[in-house]
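Protein chains in written order, with full-length UniProt numbering: chain A, 1 to 416; chain B, 1 to 373. Cβ coordinates follow ideal geometry from the N, Cα and C atoms, glycine included. Let me begin by presenting the structure, written as structure tokens, before commenting on it.
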Amino acid sequence: MRKVSLKNALLVAAALAVTTSASAAGKLEIFSWWSGDEGPALEALVKLYKQKYPAVAVDNATVSGGAGTNAKAVLKTRMLGGTPPDSFQAHAGQELIGTWVVANRMEDLSALFKSEGWDKAFPKDLTALISSKGGIWSVPVNVHRSNVMWYNPAKLKQWGVTVPKTWPEFITTCATLKAKGVAAPLVMGENWTQQHLWENVMIGTLGAQGWQDLFSGKIKFTDARVVGAFTTFGKVMDCANKDASGLSWQQASDRIVDGTSAFNIMGDWAAGYFTTTKKLAPGTGFGWATAPGTSKVFVMLADSFGLPKGAKNRAEAVNWLKVLGSKAGQDAFNPLKGSIAARIDSDLSKYNTYSRSAATDWKNSKIVGSMAHGAVAPESFMSAFGAIIDQYAASRNSAGAAAAAQQLAVRAGFGK
Amino acid sequence: MKGLTKDRLWAIAVLTPSLILLAIFVYGFIGRTVYVSFTDWGNDPAQALALEPIIRWVGLANYQELFSGFLQGRFRQEMVSTVFFTVFFILGCLGLGLGLALALDRNPKGEALWRTIFLFPMSLSFIVTGTIWRWMLQPQGGVNQFPTAVGAPASTFGWLSSTDSIWKFDWNLLPIITAVVVAIVMGVVAYRAYASGQRTRMLVAAASAAVLLLWAIFIAPNLKMLPAPELHGFNLALIGIIIAAVWQMSGYTMALYLAGLRGIPEELREAARVDGANEIDMYRRVVFPLLSPITLSAMIILGHISLKIFDLVYAMAGPDNTFTSVPALNMYLTSFRQNQFALGAAIGTILLILVAFIIVPYLSSQFRTEESH
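This is the structure in structure tokens:
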């Protein structure tokens, strides 16, 4: 009697195990902050995935909120609570590495990169940015460029100025424009766009190599060149509007369109805003150039997906990552998102005028990561660095700001 | 066990669940937060989110960091901002509320309608208020456009985006300033005790005032909390947030004052008039003294709202604008964006202590009056 019941119990247990594993095989949860404008691009990827794996039920767990402000908090709760999503979105680079990889919560994807041939499909500089401690940690889906200066070609002609090539030249142009009655030749927005501007001044002054050395700890923030760049940044801020902290990046871009300001330093999502929302033609309605001093540099940020340790549907998640990294996946996603493919072999005919020029530069330029968008510095650094920029805006103390940044860098473990 | 009647058993049974829940979710979590604030959880990014983080006891290091650490200038500015915000917010609400209540007390036409209109903002959440006022205080819209109605040029004041501040002082002078202020208060207490003939009390107060003054003159100037001077003051961008907060809460103080005014018996006023008091004297000597307990309760309620304020600032100026930031916002960012849980817990504990400073004396005085009844 006892024997039989044990056997029965075992049978039931086995049956349960089979059913759970069977139902698990048909599920995948994707965690992202892509809603609204970016929703359709994500849908395109999911559609592609479903074509390949029709049996899998895809659960699109989107938490809306710009740049993932809300999603990241939800993700933290889920990870700490022991129920990680199967695959989640993160800005490629240190934002993921400095938060989750150092805490030993992510799986190494090196083997996947090798088997899929991605180590050749993605540029070397990019692979370096998403690697640390001998591992590769996420699959980049798209690439945005952050070192772009936007302007209004008709207005520049009217004012009789040309696009400045270096930051000193920019400051001279700014003085000329001010003399012609333009109160704020440069338009800035809320805190993060100021960090964005800071990084462009820094890269334009230090050069790509100097920028990389700064975040690998080889150059200290207290170095004379960095302090000098802070001073330049102060002069650039003098060219900007005084009501910056009240403006979103879209409101700041509007001032280029209506001609109250001449220049705006913003990532290339502004191209989508100008063409789609404002119905302007690239080249005539709005113009663009690389930010001063960064002509041969591509400052990038990317959205990527990683594989958390303990994912419930690991096999499905790996298949999802394979779709993300594939040529078909990247070409389905990026034209809709307004970004370019991270792969160098993408089909350029699918992209608009601006994106084609960016895609060409992606292949020919030196690639470095953006600080303001999480590629080269962890969140703990970025978030506190915003306060340093604000203090600098009030005090204009270059040496003090540099010293504070250096302390932050030590705390965040740069160069370790 | 003579008290164990059926009634009493019922009371215990009904109260127990909430007592248990309170013990865990309020006092347990307060204890846990205070404990975390004495550790280094999150100072090392590798341990912050690890499955089994190594957490070490560091004592008061986080508090020391907040008050004198080179990187925590933002927190210190927020402490200063909170003081200014609290003062102006309470003064604004009390002044406006009392004014409205006095006006309504004179029985104007359509009083009920006015009462509803003035009380209405309180029914909105701070998020809604914040969003409305953010639109009104846009650099090129709303309030700044008012002068154009009379043909004047539009104002350019940056209500929420100004980076200027006034009444600046060096953070290093804080010990001196605190000591002098407390000494002056003690001096006043001593004088009052002297006037009412309480000798011991006068001596104690005068002695502590003297000690504090001596300390401020001879010892405090040698203390340096920071290596370099660090200026903090009243950020002008806060004005916009104070306006919105006063708009939201002054209806509430109006309701309190109105109830108080209506509670004053007409005979008292008439007696004052018979004694020859004019209207101003009547208010000064009869009405306002009778309203002072209401002022006290309003200050307590407004004071703790102002210390805890988070949502209004988040909605109006966003989390990253350090010129309008408050400690509660910093606590959120430090804990959940920078993953520095211990430092965030320390900010939370400081906020709790500040609120306790306001609430505990009030509670104990309430308790005492109840006991004496």
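Take the Cβ of residue i as the centre, count every other Cβ of all protein chains shown within 10 Å, and call the residue buried at 16 or more, exposed below.
| i | result |
| --- | --- |
| arginine 255 of chain A | buried |
| asparagine 152 of chain A | buried |
| serine 365 of chain B | exposed |
| proline 229 of chain B | exposed |
| glutamine 145 of chain B | exposed |
| proline 84 of chain A | buried |
| lysine 180 of chain A | exposed |
| isoleucine 127 of chain B | exposed |
| proline 227 of chain B | exposed |
| serine 196 of chain B | exposed |
| phenylalanine 333 of chain A | buried |
| valine 26 of chain B | exposed |
| residue 410 of chain B | No statement about residue 410 of chain B is possible, as the shown extent of chain B runs from 1 to 373 and does not include it. |
| serine 23 of chain A | Annotation note: pLDDT 45 at serine 23 of chain A (below 50); position unreliable, coordinate value reported separately. So serine 23 of chain A counts as exposed. |
| proline 289 of chain B | exposed |
| glycine 246 of chain A | buried |
| glutamate 52 of chain B | exposed |
| tryptophan 133 of chain B | buried |
| leucine 408 of chain A | buried |
For residue i and residue j, I'd like the C-alpha separation in whole angstroms.
| i | j | result |
| --- | --- | --- |
| lysine 322 of chain A | glutamate 116 of chain A | 8 Å |
| proline 308 of chain A | histidine 144 of chain A | 24 Å |
| leucine 109 of chain A | glycine 135 of chain A | 7 Å |
| aspartate 37 of chain A | aspartate 390 of chain A | 30 Å |
| glycine 228 of chain A | leucine 206 of chain A | 10 Å |
| valine 318 of chain A | proline 17 of chain B | 47 Å |
| phenylalanine 120 of chain B | leucine 96 of chain B | 15 Å |
| tryptophan 57 of chain B | phenylalanine 38 of chain B | 6 Å |
| residue 439 of chain A | serine 339 of chain A | Residue numbering for chain A in the displayed model covers 1 to 416; residue 439 of chain A lies beyond these limits and cannot be assessed. |
| residue 466 of chain A | alanine 154 of chain A | Given that chain A is displayed from residue 1 to residue 416, the structure contains no residue 466 of chain A and the question cannot be resolved. |
| leucine 258 of chain B | leucine 94 of chain B | 12 Å |
| phenylalanine 341 of chain B | serine 335 of chain B | 5 Å |
| leucine 343 of chain B | phenylalanine 67 of chain B | 12 Å |
| alanine 404 of chain A | alanine 193 of chain B | 50 Å |
| isoleucine 367 of chain A | alanine 245 of chain B | 48 Å |
| serine 21 of chain A | glutamate 316 of chain A | Confidence in serine 21 of chain A is poor, its pLDDT being 44 and thus under 50, which makes the residue's placement too unreliable to answer from. |
| threonine 61 of chain A | phenylalanine 31 of chain A | Sequence inspection shows alanine at residue 61 of chain A; the threonine mentioned does not correspond to that position. Their backbone Cα atoms lie some 5 Å apart in a straight line. |
| leucine 6 of chain A | asparagine 142 of chain A | Because leucine 6 of chain A carries a pLDDT of 49, less than 50, the predicted location of this residue cannot be relied on, and no value is offered for it. |
| alanine 41 of chain A | tryptophan 114 of chain B | 52 Å |
Near residue i, what residues of its chain come up, given a Cβ to Cβ distance below 7 Å and the 5 sequence neighbours on each side ignored?
| i | result |
| --- | --- |
| proline 164 of chain A | Phe170, Thr173 and Pro292 |
| leucine 329 of chain B | Phe310, Val313, Tyr314 and Pro319 |
| leucine 333 of chain B | Pro319 |
| threonine 349 of chain B | Thr33, Val34 and Ser37 |
| valine 63 of chain A | Trp33, Asn70, Ala71 and Val74 |
| alanine 345 of chain B | Thr33, Val36 and Ser37 |
| glutamate 370 of chain B | none |
| aspartate 170 of chain B | Pro229, Glu230 and Leu231 |
| arginine 273 of chain B | Met282 |
| isoleucine 12 of chain B | none |
| leucine 137 of chain B | Val143, Trp159, Leu160 and Gly240 |
| aspartate 164 of chain B | Leu236 |
Hey, residue i and residue j are a contact pair by Cβ (cut 8 Å); roughly how many whole angstroms apart?
| i | j | result |
| --- | --- | --- |
| glycine 369 of chain A | methionine 300 of chain A | 6 Å |
| glycine 285 of chain A | phenylalanine 274 of chain A | 7 Å |
| glutamine 338 of chain B | serine 383 of chain A | 5 Å |
| glutamine 94 of chain A | proline 378 of chain A | 5 Å |
| phenylalanine 220 of chain B | methionine 202 of chain B | What sits at residue 220 of chain B in the sequence shown is alanine, not phenylalanine. Rounded, the Cβ-Cβ distance is 25 Å, inconsistent with contact. |
| alanine 372 of chain A | glutamate 190 of chain A | Actually they are not in contact, since the Cβ atoms of alanine 372 of chain A and glutamate 190 of chain A sit about 12 Å apart, beyond 8 Å. |
Mind checking who residue i pairs with in its DSSP beta bridge?
| i | result |
| --- | --- |
| arginine 145 of chain A | A/Met300 |
| tyrosine 35 of chain B | Answer is none; tyrosine 35 of chain B lacks a bridge partner. |
| valine 368 of chain A | A/Val299 |
| glycine 135 of chain A | A/Ser132 |
| asparagine 397 of chain A | DSSP, once it has assigned bridges, lists no residue as partnering asparagine 397 of chain A. |
| glutamate 29 of chain A | A/Asp59 |
Give me, in chain order, the residues of the same chain whose beta-carbon lies closer than 6 Å to that of residue i; leave out the 5 immediate sequence neighbours on both sides.
| i | result |
| --- | --- |
| phenylalanine 230 of chain A | Ser398, Ala401 and Ala402 |
| valine 56 of chain A | Gly26, Leu28 and Glu316 |
| alanine 184 of chain A | Ala240, Asn241 and Ser261 |
Going along the chain, which residues of its own chain have a beta-carbon closer than 8 Å to the beta-carbon of residue i, five neighbours each way excluded?
| i | result |
| --- | --- |
| lysine 224 of chain B | Asn172 |
| histidine 304 of chain B | Val355, Ile358 and Ile359 |
| glycine 158 of chain B | Pro139, Leu236 and Ala237 |
| arginine 225 of chain A | Thr205, Leu206, Gly210 and Ile219 |
| leucine 156 of chain A | Thr162, Val163, Ala262 and Gly287 |
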